[in-house]
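Participant:
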Amino acid sequence: MKKLNTKTVLLVLSAVVTLMLVALLTDVLPTYSEHGRSMIVGTLAYIAMGGIVLSKPLDNKHVAAVSGIMSAGFIAAHILIEAALFSTMGIAAVTNPFGYAAVAALILAGLAFVVSKVKALENISLYVNGFMTTGVTLVYYHVASLAPIRASLLFFIPFTLFFAWTVAQYGMQVSEVVKTRRQTA
Numbered sequence: 007m008k009k010l011n012t013k014t015v016l017l018v019l020s021a022v023v024t025l026m027l028v029a030l031l032t033d034v035l036p037t038y039s040e041h042g043r044s045m046i047v048g049t050l051a052y053i054a055m056g057g058i059v060l061s062k063p064l065d066n067k068h069v070a071a072v073s074g075i076m077s078a079g080f081i082a083a084h085i086l087i088e089a090a091l092f093s094t095m096g097i098a099a100v101t102n103p104f105g106y107a108a109v110a111a112l113i114l115a116g117l118a119f120v121v122s123k124v125k126a127l128e129n130i131s132l133y134v135n136g137f138m139t140t141g142v143t144l145v146y147y148h149v150a151s152l153a154p155i156r157a158s159l160l161f162f163i164p165f166t167l168f169f170a171w172t173v174a175q176y177g178m179q180v181s182e183v184v185k186t187r188r189q190t191a
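So for the sequence shown, our numbering puts the first residue at 7; every next one is plus one.
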């Protein structure tokens with residue numbers, strides 16, 4: 007399969023992200039205003055997490071590093087904003103099990119990333135992307151379970167396209183590794 011060039015990937019990514027953010031600000035937030043800050047930061051975290059997986063074929067360490075730093079920052083901010091809601095709404099009302107599972111997957115991705123920095127285990131990047139893809143999947147189900155999100159097609163369609171693109175990109179990475187291992191075996 008022909009590799010996409012960086013400009014094409016960034017153009018498509020920009021279009022999907024722009025649609026998602028415009029829909030979030032115009033359709034979703036007016037309906038779900040009490041969670042506005044959390045939803046904006048959570049959406050940015052989702053985009054940054056997917057960016058880690060999507061940046062892999064670009065083979066650009068700078069893009070991957072920026073995506074990683076953005077993910078960590080936005081995820082931390084999202085968790086802090088949600089934690090502030092714990093006192094007013096109660097822990098069960100703040101999120102659903104997919105949200106907590108997504109946090110666990112992201113922690114595992116972070117641990118796998120740290121382990122990949124050990125010289126003997128540097129080829130563990132597929133596991134990092136696997137955990138990130140799992141995190142993106144769980145975040146997708148966490149957010150898609152909210153009625154205002156499903157009601158806004160302008161948000162839901164690009165949100166779903168971004169999810170499918172992330173999962174497909176990871177699938178192509180796994181396929182490439184399997185093909186390479188078969189050739190060397």
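C-beta atoms are modelled at their ideal positions from N, C-alpha and C, and glycine is treated no differently. This structure is a prediction, so every number in the text was calculated from the model and none was measured.
1. Our contact map puts VAL59 next to THR139 with C-beta atoms below 8 angstroms; I'd like the distance itself, whole angstroms only.
2. State the Cα-Cα distance for the pair ILE130 and VAL183, rounded to the nearest angstrom.
3. May I have the straight-line CA-CA distance separating GLY144 from ALA111, to the nearest angstrom?
4. Nearest to ALA83 by CA position, among ILE46, LEU114 and VAL134, is which residue?
5. With DSSP run on the structure shown, which of helix, strand or coil describes ASP65?
6. Could you spell out the range, first to last residue, of the alpha helix (DSSP H) harbouring THR166?
7. Let me confirm a value: VAL28 is counted as buried when at least 16 other C-beta atoms fall within 10 Å, else exposed. Which label applies?
8. Skipping 5 residues on each side, what residues in its chain have a beta carbon closer than 6 angstroms to that of THR37?
9. By the 10 Å Cβ neighbour count, where 16 or more other Cβ atoms means buried, how is GLY56 classified, buried or exposed?
Facilitator: With the structure as the only source:
1. 6 angstroms
2. 12 angstroms
3. Note on identity: in this sequence residue 144 is Leu, with Gly being the wrong assignment. Their Cα atoms are separated by approximately 8 angstroms.
4. ILE46
5. coil
6. 159-190
7. exposed
8. PRO154
9. buried
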